[in-house]
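Numbering (the working numbering), first residue to last: 17 to 123.
Where is the CB? At the ideal position from N, CA and C, for every residue including glycine.
As structure tokens, this is what we get:
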């Protein structure tokens, strides 16, 4: 499950990044949890779409669906995995600047 979680997040960060964009992954350990941050310099997510990105089959930009590929299930899968392992996720994004994902996983 953990592999699927990170695979979906990293593939999205690569898929929606700009050419020659940057992808950072930072991991830190706290007393009872691991904190993971995945950030990119990609196209970003419009603020109005952020509340819906974990819905099954939801695509931010429908016109890019065929070009970029995917099913719109990746972040829904991430959400369900995190629910099963009592993890937390926070996503912030600036359109045209990139997206930052913060995960908190119990040890």
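In whole angstroms, what is the alpha-carbon distance linking residue i and residue j?
i	j	result
residue 63	residue 123	32 Å
residue 50	residue 27	21 Å
residue 102	residue 94	12 Å
residue 31	residue 46	30 Å
residue 67	residue 33	20 Å
residue 71	residue 22	18 Å
residue 104	residue 53	12 Å
residue 106	residue 19	19 Å
Mark residue i as exposed unless 16 or more other C-beta atoms lie within 10 angstroms of its C-beta, in which case mark it buried.
i	result
residue 91	buried
residue 114	buried
residue 25	buried
residue 14	In this structure the chain extends from 17 to 123, so residue 14 is not present and cannot be described.
Classify residue i as helix, strand or coil using the three-state DSSP reduction.
i	result
residue 20	helix
residue 27	helix
residue 37	coil
residue 95	helix
Starting from residue i, follow the beta strand (DSSP E) in both directions and report where the run begins and ends.
i	result
residue 49	49–56
residue 101	No beta strand (DSSP E) contains residue 101, which DSSP labels as neither H nor E.
Check: Counting pairs of beta carbons, one from the stretch 54–61 and one from the stretch 107–121, are three or more of them closer than 8 Å?
Finding: yes
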